[in-house]
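Each remark here refers to the structure printed beneath this line.
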Amino acid sequence: MAIKTQTPDFRRETPEGDSHERDVCTACGFVNYVNPKIVTGSIVRHDGRIMLCRRAIEPRIGFWTLPAGFMEVGETTEEAAMREAREEANAAIVIDRLLAVYTIPRIAQVQIMYLAHLAEPSFSAGPESLEVMMVGWNEIPWEEIAFPSVTWALEQYRSVEGVADFAPFSNPQE
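Here the sequence shown is numbered in our numbering, starting from 38 and rising by one per residue.
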């Protein structure tokens, strides 16, 4: 017996009970929800220095970033940040606390940044990094930072460096 399949026919409309236009299949009623992605990462510290990774992948290949990336299903945000440090810098890290939550609607992302430290003082470039380095504040290659949110995180960290208790940051005022 052959299974009859329908060809999806998506139309842009506002589903009943919703407030946003979505792609809705007129054949079966399926609603294709497109929601923001969650990115997690960390400012990894060791001996007064900060870890930076030079990107080996697009976007912004060759520019410096913090170890960070997309969260996977089944992970906590902390687990995702630790996994990203392993993938990008072959580094085992310990999450210390939440630094910031950024919302970036133009690229449909929520970015969650932590403060962390190396569990052991070893690291090397993973497959998504050309190189990894630990830098002091005055050695940060500001002109080569990959994304605005990396600059936000670094500057916000600097403003509370050594402070034990502070509220997590959000997007800077423009």
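No residue lacks a Cβ here, since even glycine has one placed at the ideal position from N, Cα and C.
Opening and closing residue of the alpha helix (DSSP H) in which residue i lies
i: Gln193; result: Pro185 to Val197
i: Glu124; result: Thr114 to Ala126
Nearest neighbour of residue i, chosen from the options [CA to CA]
i: Pro54; options: Val68, Arg48 and Asp46; result: Per the sequence shown, residue 54 should be read as Gly rather than Pro. Per the Cα distances, Val68.
i: Gly173; options: Thr63, Glu115 and Gly85; result: Gly85
i: Leu167; options: Arg120, Pro45, Glu58 and Glu124; result: Glu124
i: Ser161; options: Pro52, Gln43 and Cys90; result: Cys90
i: Arg59; options: Val131, Arg49 and Ala128; result: Arg49
i: Pro142; options: Thr51, Asn208, Ala64 and Phe47; result: Asn208
i: Pro164; options: Asn127, Ala153, Ile177 and Ala183; result: Asn127
i: Ile75; options: Glu109, Val61, Met88 and Arg97; result: Glu109
Cut-off 7 angstroms between Cβ atoms - residues of its own chain near residue i, not counting five sequence neighbours on either side
i: Pro73; result: Ala145, Gln146 and Val147
i: Glu121; result: Thr77, Gly78, Pro104, Ala105 and Gly106
i: Cys65; result: Gln43
Cβ neighbour criterion (16 or more within 10 Å) applied to residue i
i: Val71; result: exposed
i: Gly99; result: exposed
i: Ile94; result: exposed
i: Pro45; result: exposed
i: Trp179; result: exposed
i: Gln43; result: exposed
i: Thr51; result: exposed
i: Thr63; result: exposed
i: Gln210; result: exposed
i: Val200; result: exposed
Beta strand (DSSP E) segment containing residue i, residue limits
i: Thr140; result: Ile130 to Ile141
i: Ala33; result: The requested residue 33 does not occur in the structure, where the chain is confined to residues 38 to 211.
i: Met108; result: Here Met108 belongs to no beta strand (DSSP E), and DSSP marks it neither H nor E.
Pairwise C-alpha distance: residue j and residue i
i: Thr140; j: Ala39; result: 48 angstroms
i: Leu155; j: Thr188; result: 21 angstroms
i: Asp202; j: Arg134; result: 10 angstroms
i: Arg92; j: Met170; result: 12 angstroms
i: Phe206; j: Met150; result: 9 angstroms
i: Leu191; j: Leu136; result: 10 angstroms
i: Thr114; j: Val138; result: 11 angstroms
i: Ala118; j: Gly111; result: 13 angstroms
i: Arg82; j: His57; result: 42 angstroms
i: Asn175; j: Glu116; result: 30 angstroms
i: Pro96; j: Pro158; result: 29 angstroms
Cβ-heavy atom distance, residue i to the ligand PLP, below 7 angstroms
i: Met150; result: As for the ligand PLP, it is missing from this structure, which has no ligand bound.
Cutoff 6 angstroms; reference residue i; Cβ partners in own chain excluding five residues on either side
i: Glu181; result: Phe100 and Trp101
Beta-carbon proximity list for residue i, same chain, < 8 angstroms, skipping 5 on both sides
i: Phe47; result: Asp60, Val61, Cys62, Thr63 and Asn69
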